[in-house]
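According to my numbering, the stretch in the sequence shown is residues 5 to 397, in order. We put the beta carbon where it would ideally sit given N, CA and C, even for glycine. Values in this document were obtained by computation on a predicted structure and should not be read as measured data.
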Amino acid sequence: MKGAGGLPGVIRRAVPLAVPVLLSMVDAFLVNGLDLGLELGVSLVAAAALLLRRRLPLAVFLVALPGLYIGYIWFAPMIALYTLAALRPGRVRLGACAALLIAAHFFPYPLSDLDLGAHRENLQVLIDATVTSAAPIALGLLVRTRRELAARVDDLTHSLRRENRLIADRVLATERARLAREMHDVVAHQVSLISLQAGAVQVSAGEEAARESARTIRELSVRTLEELRHMVGILRAAGGGSADARELAPQPDLAELPRLIEMSALDVVYEHEVPEGAGGAKAVERAAFRTVQEALTNVRKHAPGARVRVRVAAVEADGSPGGDGAAVAPQGLRVEVRNGPPDTSAPAPALPGGGHGLVGLRERAQILGGLLEAGHTADGGFLVRAEFPRDAG
């Protein structure tokens, strides 16, 4: 079945190659008869040479010229000259080949038959030879130009499609920015109400613990509003990478971790083992902060009452593996957030979750050239470990 299916393709490729050869052979027999002699032999060689005209167009034309000069055939040299113009254009090359074709047409074989006194006949033959040589060249150049134009149109079509995709992506990005702004308006309104209510509780509460909890809620609300405004400002900035976008708000880094842990309302042991100035690039410190932030959020959601250990350490050049044998990035920063099993007596908060937190952290780590691992531990807890190259970003 496969061979039968490929047969039409073989025929389609063979017909354009074989038809000119057959026509040239018919031309040779019609002009020189069936008796094999010098004229017929040269004409048949010229016709057979057309099989190689696409690979060796100049050589085939030179082989076909004796067929015109000696055998008085036309198809083979004209087809060879057409192929040369279509595949190997060049003013000098085509001019020289046209001159050779004119000479082969104008001068008789044998050369002694040339009558220099027949001016009128010689002029007519010269004009005929010139037109005969110009026609295949013009046709070949026309076909080549058509192919180039078709290729150009195809390139323009692809460029137009790419431009349409870019426009669609830009429209999509604009719509996403609009939705982000709408989300900001909705969430900012709700968080503002939470902040106002927390402020009211802070003022009216009689117990110190209640006032402290209300103050923490209010500070978290304010911080959430600041981050929302910062993200929406980046979306509004052109390209999201301008200086204005970067200066909208300070980005969190390792120095903000103690405050984050303090406001988490969890039982956290924080181990900071990073020497001064060894934290790494701002992008690395920001990724480390977001990793701890998301891990603590997951603890509040899924392991209420669990004890948590947060460890941030610098990785030396030799980079010994972590506690579970995971490979580490050289000269980088390692962040570990390990929590124990949840306390069954602690109430579980009904917090919504999109299920994309760890996925986003893993993608952020990969962009920076690091890695992130997360999984359950043997004691029923959970471990999040991230490692970042020091100079990433």
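1) Aspartate 271 to threonine 178, Cα distance in whole Å?
2) My output table needs one value for glycine 379: the three-state DSSP class, helix, strand or coil.
3) Would you mind reading off the limits of the beta strand (DSSP E) that contains leucine 337?
4) Let me know the secondary structure DSSP gives alanine 269 once reduced to three states.
5) Residues bridged to leucine 387 by DSSP?
6) Where do the N-terminal and C-terminal ends of the alpha helix (DSSP H) with valine 64 fall, by residue?
7) Span of the beta strand (DSSP E) holding arginine 57?
8) In whole angstroms, what is the alpha-carbon distance linking leucine 170 and glutamate 152?
9) Using C-beta distances below 7 angstroms, list every residue in its chain close to alanine 68, excluding the 5 sequence neighbours before and after it, in chain order.
10) According to DSSP, is phenylalanine 111 helix, strand or coil?
11) Quick one: residues in its chain with C-beta nearer than 6 angstroms to the C-beta of alanine 378, no 5 flanking neighbours on either side, listed in chain order?
12) Ignore the nearest five residues each way along the sequence and tell me which others in valine 226's own chain have a CB closer than 8 angstroms to its CB.
13) Tell whether a beta-carbon distance below 8 angstroms holds between valine 278 and leucine 365.
14) Step through the CB atoms of chain C and report whether any lies within less than 8 angstroms of the CB of methionine 267.
15) I believe leucine 130 touches phenylalanine 110 by the beta-carbon criterion, under 8 angstroms. Please report the beta-carbon distance rounded to the nearest angstrom.
16) Rounded to whole angstroms, what's the CA-CA distance from aspartate 173 to glutamate 223? Just pull it up for me.
17) If you run the structure through DSSP and keep just helix, strand and coil, what is valine 25?
18) Can you find the residues in the same chain that come closer than 7 angstroms, C-beta to C-beta, to aspartate 395, ignoring five residues on each side of it along the sequence?
19) Measuring CB to CB, does aspartate 31 end up less than 8 angstroms from isoleucine 77?
20) Mark glutamate 391 as exposed unless 16 or more other C-beta atoms lie within 10 angstroms of its C-beta, in which case mark it buried.
21) Per DSSP, what kind of secondary structure is alanine 318 in: helix, strand or coil?
22) Buried or exposed: asparagine 36, going by 16 or more other Cβ atoms within 10 Å of its Cβ?
23) By alpha-carbon positions, which one of Arg57, Ser217 and Ala103 ends up nearest to alanine 22?
24) May I ask which residues mark the beginning and end of the alpha helix (DSSP H) holding alanine 52?
25) Taking the alpha carbon of methionine 29 as the reference point, which residue from Val46, Leu115 and Arg95 has its own alpha carbon closest?
26) Could you have a look at valine 312 and say whether DSSP puts it in helix, strand or coil?
27) In whole angstroms, what is the alpha-carbon distance linking histidine 380 and phenylalanine 386?
28) Tell me the DSSP bridge mates of phenylalanine 33?
Working from what's here:
1) 42 angstroms
2) strand
3) 336–343
4) coil
5) Arg342 and Gly379
6) 61–73
7) Careful: arginine 57 lies outside any beta strand (DSSP E) and carries neither H nor E.
8) 27 angstroms
9) Ala50, Ala53, Ala80, Pro81 and Ala84
10) coil
11) Leu362 and Val388
12) Ser199
13) no
14) Among the chains in the structure shown there is no chain C, since it carries only a single protein chain.
15) 6 angstroms
16) 38 angstroms
17) helix
18) Gly284 and Ala285
19) yes
20) buried
21) strand
22) buried
23) Arg57
24) 42–53
25) Val46
26) strand
27) 4 angstroms
28) The partner list for phenylalanine 33 (beta bridge, DSSP) is empty, contrary to what the question assumes.
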